[in-house]
Ligand code: ATP
Ligand code: MG
């Protein structure tokens, strides 16, 4: 490809719309442009990246026996009404009406479509297992579209759906997808961590996420990991043993109300009462599907909202505002407690909060707390359930060693769906004995547009992008320093032809620009290998070869360039 005929609108300055380095680099490198919040154009370079990554995904999915299909993005509401998700999926779904006022949606995911596709058609166990996948656009009206392609409202996903006759066969299908995922991410130059995760609005039994670990501020997910036994889980799911080592009091004391002027937050109360935060139990008020609920966790622990949502089976969950806090407690924010609430609401209590004896809680009165509160004696829990977020220093639930917490970006996931969708949408088959059974299903996603951007959080330097070779838009950039010099132009053209004939993707910067401009652009767009053609080395029949990642430069004879590039590519990620 010739730069002069291509469209690479690079930008010199930082763009204010981009918070993340990866987003910044895609904008500045001329890869993407924004049309609206969470809606982007993919420019020619980005299109090539998407194609490269899609082809890796397609190849590995095909190898694993999955069959590519395309399911429509537009879907009638009825299909989603059958699973119940038309109501429960919430505001994330993009709705529309057709000209007959018929309710339609733009699919945020395709479990319903895939299941309805085979329902009534796949009738015998002999037709199973079946794995259907697509690489397709999805729509989600994300509450916080941000970070460029990381969290768009329109984005591309690879999604696959498996249908099996029994658990044993399903286990093989699931493992087949897990293996394919490792192979896909490895080819894309990314080492990923498979972690246990919440099943969320997908339903089903178990799920895993594939995380790209990052040390930038792009990690939207936190992972509790045990480096000793390999246990790893999203903190929204992670089990753990408390690592704080606190011991409960042995003697139960009488409740006592106490004034705490000016002390509302955990820090203020612990400072005022001169007690450790582990002696406090905080009462957090939420509104779950329109109704107030209270969640109690030990003073030093963070509540994880996904754990709470799961415990409640809620679709929508938000922190209660000051008005609701006041209605429920009769006090301003900061003094809620389980004893003497004005309204009877569900009280969900974390086991670590249950274990605190003689705890300090809010008194539901301004600037007052109660000492020596004990569960069962002083208040009753509606449910005792794990609500605390795992943190660094907690102990592994499997082996008891100390865990660490890492930041990650979710690039893919796999769900064990069970029979939720097959029962609801009638995807049933006759087994060998002639009995009718629902298919056992799995669903499997990979972010086709998110993953390459996520990769850039890892692969960049202060000058720009450093693409992993297999998802780079081109492997090589040829930079003739002076196009007006016929010798340089001719040598560049020859190398361009030789590399192209050898099946290597090449971009030649044939613009009449100063070398400085060309080098800056080359560093910014980040192609893995650069060939520089200048008068001096050309006199000796040589060109300069270097990788984007390293400053080492080699002189290579014109006739050896193809071999040198192939050899160098072998050594690159
Ligand atoms: P997240 O927790 O990040 O919102 P999710 O659990 O909703 O993701 P899935 O619905 O299973 O994810 O989607 C499969 C994959 O699609 C994700 O692993 C991610 O890579 C990608 N993806 C999900 N939502 C978006 C989005 N809004 N923009 C870009 N990619 C996305
Ligand atoms: Mg999501």
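In this note's numbering, the protein residues as written are 82 to 654. The C-beta atom is built at its ideal place from N, Cα and C for all residues, glycine as well.
Which listed residue (the options) has its alpha carbon closest to that of residue i
i: residue 91; options: 100, 566, 125 and 250; result: 125
i: residue 260; options: 165, 370 and 141; result: 141
i: residue 298; options: 601, 227, 325 and 629; result: 227
i: residue 190; options: 154, 396, 296 and 230; result: 154
i: residue 396; options: 403, 281 and 158; result: 281
i: residue 428; options: 461, 507 and 447; result: 461
i: residue 179; options: 170, 157 and 122; result: 157
i: residue 24; options: 446, 638, 268 and 204; result: With the chain covering 82 to 654 only, the question about residue 24 has no answer from this structure.
i: residue 224; options: 444, 175 and 268; result: 175
i: residue 150; options: 248, 353, 277 and 213; result: 213
i: residue 449; options: 416, 532 and 457; result: 416
i: residue 186; options: 201, 199 and 159; result: 159
i: residue 534; options: 492, 574 and 508; result: 492
i: residue 120; options: 95, 152 and 220; result: 220
i: residue 631; options: 652, 620 and 616; result: 652
i: residue 587; options: 573, 515 and 596; result: 573
i: residue 196; options: 508, 616 and 629; result: 508
i: residue 531; options: 599, 218 and 116; result: 218
i: residue 403; options: 430, 431, 425 and 373; result: 373
i: residue 537; options: 607, 181 and 595; result: 607
i: residue 515; options: 88, 112, 116 and 204; result: 204
Contacting residues, own chain, Cβ-Cβ under 6 Å from residue i (five flanking each side not counted)
i: residue 258; result: 495 and 525
i: residue 210; result: 245, 250 and 254
i: residue 161; result: 167 and 193
i: residue 563; result: 569
i: residue 627; result: 611 and 634
i: residue 114; result: 122
i: residue 101; result: 228 and 299
i: residue 147; result: 212, 214 and 241
i: residue 407; result: none
C-beta contact flag for residue i and residue j at 8 Å
i: residue 172; j: residue 240; result: no
i: residue 234; j: residue 118; result: yes
i: residue 301; j: residue 546; result: no
i: residue 366; j: residue 539; result: no
i: residue 319; j: residue 471; result: yes
i: residue 129; j: residue 554; result: yes
i: residue 522; j: residue 206; result: no
i: residue 363; j: residue 380; result: yes
i: residue 287; j: residue 605; result: no
i: residue 440; j: residue 307; result: no
i: residue 558; j: residue 603; result: yes
i: residue 649; j: residue 576; result: no
i: residue 270; j: residue 107; result: no
i: residue 565; j: residue 593; result: yes
i: residue 85; j: residue 591; result: yes
i: residue 268; j: residue 137; result: yes
i: residue 295; j: residue 512; result: no
i: residue 560; j: residue 614; result: yes
i: residue 423; j: residue 409; result: yes
i: residue 276; j: residue 313; result: yes
i: residue 418; j: residue 443; result: yes
i: residue 556; j: residue 200; result: no
i: residue 305; j: residue 127; result: no
i: residue 177; j: residue 337; result: no
i: residue 501; j: residue 284; result: yes
7 Å Cβ shell around residue i - same chain, five flanking residues per side excluded
i: residue 438; result: 329, 330, 333 and 455
i: residue 398; result: 367, 369, 386, 389 and 390
i: residue 636; result: 618, 623 and 625
i: residue 135; result: 216 and 529
Beta-carbon proximity list for residue i, same chain, < 8 Å, skipping 5 on both sides
i: residue 433; result: 323, 378, 379, 382 and 469
i: residue 647; result: 583 and 585
Any non-hydrogen atom of the ligand NAD closer than 7 Å to residue i Cβ
i: residue 236; result: The model depicted lacks the ligand NAD and carries the ligand ATP and the ligand MG instead.
Handout entry: the stretch 564 to 580 contacting the stretch 544 to 554, beta-carbon criterion three pairs below 8 Å
Key = no
Practice task
Would you list, in sequence order, the uninterrupted beta strand (DSSP E) runs of no fewer than 3 residues that lie entirely inside the stretch 397 to 428?
Solution key: 398 to 400
Exercise for the section: Let me know the beta strand (DSSP E) ranges lying completely inside the stretch 245 to 295, each 3 residues or longer, listed in chain order. Expected result: Within the stretch 245 to 295, the complete beta strand (DSSP E) runs of at least 3 residues are 274 to 278 and 287 to 294.
Problem - Runs of beta strand (DSSP E) lying entirely within the stretch 576 to 612, each at least 3 residues, in chain order - result: 587 to 589
Exercise for the section: Counting only runs of 4+ residues fully inside the stretch 607 to 650, write out the alpha helix (DSSP H) ranges in chain order. Expected result: 616 to 620
Exercise for the section: Taking 8 Å as the threshold, find out whether the stretch 385 to 405 comes into contact with the stretch 341 to 358 through three or more Cβ pairs. Expected result: no
Exercise for the section: Could you pull out every unbroken alpha helix (DSSP H) segment of at least 4 residues lying fully inside the stretch 136 to 163, listed in chain order? Expected result: Listed in chain order, there is nothing to give.
Exercise for the section: Jot down the residue ranges of each uninterrupted alpha helix (DSSP H) in the stretch 323 to 381, minimum 4 residues, whole runs only, in chain order. Expected result: 347 to 354
Exercise for the section: Determine, using beta-carbon pairs with one atom in the stretch 509 to 519 and one in the stretch 473 to 484, whether at least three such pairs fall under 8 Å. Expected result: no
Exercise for the section: Kindly provide the ranges of any alpha helix (DSSP H) runs that are 4 or more residues long and lie completely inside the stretch 178 to 231, ordered along the chain. Expected result: 192 to 199
Practice task
Enumerate, from N- to C-terminal direction, the unbroken beta strand (DSSP E) stretches of 3 or more residues contained entirely within the stretch 523 to 555.
Solution key: none
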